[in-house]
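Residue numbers for the sequence shown follow the working numbering, beginning at 17 and rising by one. Single-structure report; data block below.
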Amino acid sequence: MSNPHRRGGRFGGRAAAAILAAGALTMAGCAADGTGDLTLATGSTGGTYYPLGGEIASVWSSELDDVSVTATVGGASVENLRALDQGEVELIMSVNATAAEALDGVGDFADQPLSSPENIRALGNIYPEILQIVTTEASGITSIEDLRDRRVEMGPAGSATYTMAESVLRAYGIDPATDLAATLDSSFGDAATNVGDGVVDAAFGILAAPTGSIEQLATTHDVVMLDISGPELEAVLAENELLSAHEIPAGTYSGVDEPNATITSWATLYTTADLDEETAYELVRVMYEHGDRVQHSAARDMVLETAVDGLGPVELHPGALRYYEEQGVEIP
Numbered sequence: 017m018s019n020p021h022r023r024g025g026r027f028g029g030r031a032a033a034a035i036l037a038a039g040a041l042t043m044a045g046c047a048a049d050g051t052g053d054l055t056l057a058t059g060s061t062g063g064t065y066y067p068l069g070g071e072i073a074s075v076w077s078s079e080l081d082d083v084s085v086t087a088t089v090g091g092a093s094v095e096n097l098r099a100l101d102q103g104e105v106e107l108i109m110s111v112n113a114t115a116a117e118a119l120d121g122v123g124d125f126a127d128q129p130l131s132s133p134e135n136i137r138a139l140g141n142i143y144p145e146i147l148q149i150v151t152t153e154a155s156g157i158t159s160i161e162d163l164r165d166r167r168v169e170m171g172p173a174g175s176a177t178y179t180m181a182e183s184v185l186r187a188y189g190i191d192p193a194t195d196l197a198a199t200l201d202s203s204f205g206d207a208a209t210n211v212g213d214g215v216v217d218a219a220f221g222i223l224a225a226p227t228g229s230i231e232q233l234a235t236t237h238d239v240v241m242l243d244i245s246g247p248e249l250e251a252v253l254a255e256n257e258l259l260s261a262h263e264i265p266a267g268t269y270s271g272v273d274e275p276n277a278t279i280t281s282w283a284t285l286y287t288t289a290d291l292d293e294e295t296a297y298e299l300v301r302v303m304y305e306h307g308d309r310v311q312h313s314a315a316r317d318m319v320l321e322t323a324v325d326g327l328g329p330v331e332l333h334p335g336a337l338r339y340y341e342e343q344g345v346e347i348p
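Dropping the structure here:
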């Protein structure tokens, strides 16, 4: 069954001014002269994109003259790419593997391809996106196989979480449409709450690790993180070369004393070729040179050493490329 949840909420602190629920702005702002307003589409309030994007937008707005960046709640990877393609926003956060699918017109974009996928440009990686599958000891679930006939949060429709959850379940021989008792599509904050309340048995989320929603769940419940391993892991990785195996260290979450085997990709910043070169250059420069001002744990991974890893078929924006070349970053 479907149980969509309304997105909303407020994010406190100095990033609050950068996060508005306003509609998207036009592309006119920074298309030509490098001045004006830009909108950054992020994700749901319970995930990593929204608070992290608000922090990055706040730093950009304070460091760059004549440029103001507003971070908004977004539908995450798939919906963000569609919004970028339609000119509704100028900047987005998206999983790199999903952006590669958009460019190639496969996966979620096979039936509804973008109108101008060749216009998408990468600015740089932000942090590793880690698939986390959480349940509780009380559920009796100890493996992905145990999800059969259970109630599972798969992430919002159009998100990379939903796509990856479907891929993982199918690798284990589970058809979400017929083999689960129910599928829900809440944002991850609501999904984690639903796990704790017993509304669902488990939830998928693509997030930084640790993430606050799971940390909070672990304060009131014995949390269990489900592994992806063996031939099923190899099957998932074979589907998408931009995914890789990952291990969440033991102790990342309270009570989870064993490492968690899973998969990861990159959360990447994207724009289009319409953004002028100097603005793109400055956005990338500030993001990496002033990353220490971003008050979010995921910002520790926002470093030049991994800025251009796993970009796949998406071209770098010329402004970003110029900055990386000046910094001696090796471009794949």
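Backbone N, C-alpha and C define an ideal beta-carbon position, used for all residues, glycine too. Quantities reported herein were computed from a predicted structural model and do not represent experimental measurements.
Please return the same chain residues whose Cβ sits closer than 7 Å to the Cβ of Gly-307, not counting the five positions on each side in sequence. Ala-315 and Met-318
Neighbour-count burial assignment, Thr-284, 16 or more Cβ in a 10 Å radius: buried
The alpha helix (DSSP H) that contains Gln-232, what's its start and end? 228–236
Could you tell me if Arg-23 is buried or exposed, where buried requires 16 or more neighbouring beta carbons within 10 angstroms of its beta carbon? Low local confidence applies: a pLDDT of 28 at Arg-23 is under 50, so the model's placement there is unreliable, and no value is given.
For Arg-26, count the other beta carbons within 10 Å of its own beta carbon; 16 or more makes it buried, fewer makes it exposed. Which is it? Note that Arg-26 has pLDDT 27, beneath the 50 cutoff, so the model's placement of it is unreliable and the number below is only indicative. So Arg-26 counts as exposed.
To which residues of the same chain is Glu-145 closer than 7 Å at the C-beta, ignoring the five residues directly before and after it? Val-111, Ile-222, Thr-280, Ser-281, Trp-282 and Ala-283
For a quick check, are the C-beta atoms of Ser-313 and Phe-204 less than 8 Å apart? no
How do the stretch 332–347 and the stretch 291–311 stand: do at least 3 beta-carbon pairs fall below 8 Å, yes or no? yes
Same chain, Cβ closer than 6 Å to Glu-298, neighbours up to 5 away in sequence not counted: Leu-80
Considering Cα atoms alone, identify which of Met-241, Val-184 and Val-302 is closest to Pro-275. Met-241
By a C-beta neighbour count over all protein chains shown, 10 Å radius and 16 as the cutoff for buried, is Tyr-340 buried or exposed? buried
Range covered by the alpha helix (DSSP H) that runs through Tyr-339: 334–342
I need the boundaries of the beta strand (DSSP E) containing Gly-52, first residue and last residue. 52–57
Determine the closest residue to Ser-183 out of Leu-100, Tyr-65, Ser-78 and Ala-113, with distance taken between C-alpha atoms. Ala-113
Within the stretch 114–202, ranges of the alpha helix (DSSP H) (whole runs, at least 4 residues): 176–187
Whose CA, out of Met-170, Asp-238 and Gln-311, lies closest to the CA of Gly-69? Gln-311
Helix, strand or coil for Val-300 per DSSP? helix
Option nearest Thr-158 by Cα separation, candidates Gly-344, Asp-243 and Ala-234: Asp-243
Whole angstroms are fine: how far does the CA of Met-170 sit from the CA of Ser-202? 8 Å
Should Pro-172 be labelled buried (16 or more other beta-carbon atoms within 10 Å of its own) or exposed? buried
Go ahead and pull the three-state DSSP assignment for Ala-323. coil
If you reduce the DSSP assignment to three classes, tell me which class Glu-95 lands in. helix
Would you tell me roughly how many angstroms separate the C-alpha atoms of Ala-352 and Glu-153, rounded to the nearest one? In this structure the chain extends from 17 to 348, so residue 352 is not present and cannot be described.
For Ala-116 versus Gly-328, is the C-beta distance shorter than 8 Å? yes
Can Thr-278 and Leu-100 be called in contact, C-beta distance under 8 Å? no
Going by DSSP, what residue range makes up the beta strand (DSSP E) through Glu-263? 260–264
Tell me, to the nearest whole angstrom, how far the beta carbon of Val-345 is from that of Leu-320; I am working on the premise that it is less than 8 Å. 6 Å
CB of Leu-123 within 8 Å of CB of Thr-179, strictly: Note that residue 123 corresponds to Gly in the displayed sequence, not to Leu. For Gly-123 and Thr-179, yes; Cβs fall inside 8 Å.
So, with DSSP's three-state summary, where would you put Ala-5? In the structure as shown, the chain starts at 17 and stops at 348, and residue 5 therefore has no counterpart that could be examined.
Three-state secondary structure assigned by DSSP to Thr-209: helix
Taking the beta strand (DSSP E) that Leu-249 belongs to, which residues open and close that run? Segment 246–255 is the alpha helix (DSSP H) holding Leu-249; no beta strand (DSSP E) there.
Would you kindly check if the distance between the Cβ of Pro-129 and the Cβ of Gly-121 is under 8 Å? yes
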